[in-house]
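In our numbering, each number is its position in the sequence shown, counted from 1, plus 1.
By construction, the Cβ of each residue, glycine as well, lies at the ideal position given by its N, Cα and C atoms.
Treat the numbers as computed from the prediction; the structure is a model and nothing was measured.
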Amino acid sequence: MIDIDYLNYLETILTDNRKERFLEVLQNRTKHFTVAVEDVYQLHNTSAVMRSCEVFGIQELNVIEERFGKRIDKQIAMGAQKWVDINRHDSVTNCIATLKEQGYQIIATTPHEKDCTLEKFDISKPSALFFGTEKEGLSEEVMQNADSFLKIPMVGFTESLNISVSAAIIIQDLTNRLRRSDIDWKLTDAEILEKRLDWARKSIKDIKRIEARYFEENPK
Numbered sequence: 002m003i004d005i006d007y008l009n010y011l012e013t014i015l016t017d018n019r020k021e022r023f024l025e026v027l028q029n030r031t032k033h034f035t036v037a038v039e040d041v042y043q044l045h046n047t048s049a050v051m052r053s054c055e056v057f058g059i060q061e062l063n064v065i066e067e068r069f070g071k072r073i074d075k076q077i078a079m080g081a082q083k084w085v086d087i088n089r090h091d092s093v094t095n096c097i098a099t100l101k102e103q104g105y106q107i108i109a110t111t112p113h114e115k116d117c118t119l120e121k122f123d124i125s126k127p128s129a130l131f132f133g134t135e136k137e138g139l140s141e142e143v144m145q146n147a148d149s150f151l152k153i154p155m156v157g158f159t160e161s162l163n164i165s166v167s168a169a170i171i172i173q174d175l176t177n178r179l180r181r182s183d184i185d186w187k188l189t190d191a192e193i194l195e196k197r198l199d200w201a202r203k204s205i206k207d208i209k210r211i212e213a214r215y216f217e218e219n220p221k
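Written out as structure tokens, the structure is:
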């Protein structure tokens, strides 16, 4: 439960432009799609995928760290780590199980005999888009548990794209289609309040001191 009084207090510290920008961005955020990155060895690729999620309005990124546990590269992410929620998973099994429990279908982004191209992909169902490692692609576990397979149409000699490029193309295409649809894709009112509080806290310097003073003056 969000403490509305506390949120209102924090927002008095923010500028009007900042508050308006938060509301504007949150109106374009979605959890209808989420992204999962599987054991990406090159750190800048994970960070770049996060940046694409932030730019195109996907609120949650799932990072599987079964083999290559690394921190997000803040320089590449360009501050996106403040605005995108990172869900860390220690195994593919746990990630898939968690996302399925949340109602997502598992989509493997890889060429496959039963694959679907971007323009034909059904955007109506909540979907978790899985991207694999640079050299090996997605693991067999993801392939076996995938509900569908998605690929980017290509007409050149090269058979694959860098993971960060693939993610940017797919995320941009699907989120644009989503916003033009009549699907209920937006965050709920409760989710918007939660992110307003989270983003306000991340935007205020010395937030711990301010919090301590507020709760001392306003005990529950």
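Taking Ser125 as the centre and dropping the five residues before and after it, the same chain places the C-beta of Ile184 closer than 7 Å to its C-beta, in chain order.
Pro220 and Trp200 have their C-alpha atoms roughly 23 Å apart. Closest by C-alpha distance to Lys20, out of Ile208, Lys196 and Phe34, is Lys196. One alpha carbon belongs to Met2, the other to Gln103, and they sit about 20 Å apart.
At least 8 Å separates the beta-carbon of Ala81 from that of Leu100. Between the alpha carbons of Ile172 and Gln145 lies a gap of roughly 23 Å.
At the C-beta level, Ser165 and Ala37 stay beyond 8 Å of one another. Annotated three-state conformation of Glu137 is coil, per DSSP.
Pairwise C-beta distances place the stretch 9-17 out of contact with the stretch 151-161, as fewer than three of them are shorter than 8 Å. When rounded, the separation of the alpha-carbon atoms in Leu119 and Gln106 is 16 Å.
Contact between Leu175 and Thr110 is absent: CB atoms are separated by about 11 Å, not below the 8 Å threshold. In this structure, Asn63 keeps its C-beta atom at 8 Å or more from the C-beta atom of Asn29. In the three-state DSSP reduction, Glu61 falls in the strand class (E or B). In this structure, Thr35 keeps its C-beta atom at 8 Å or more from the C-beta atom of Trp186.
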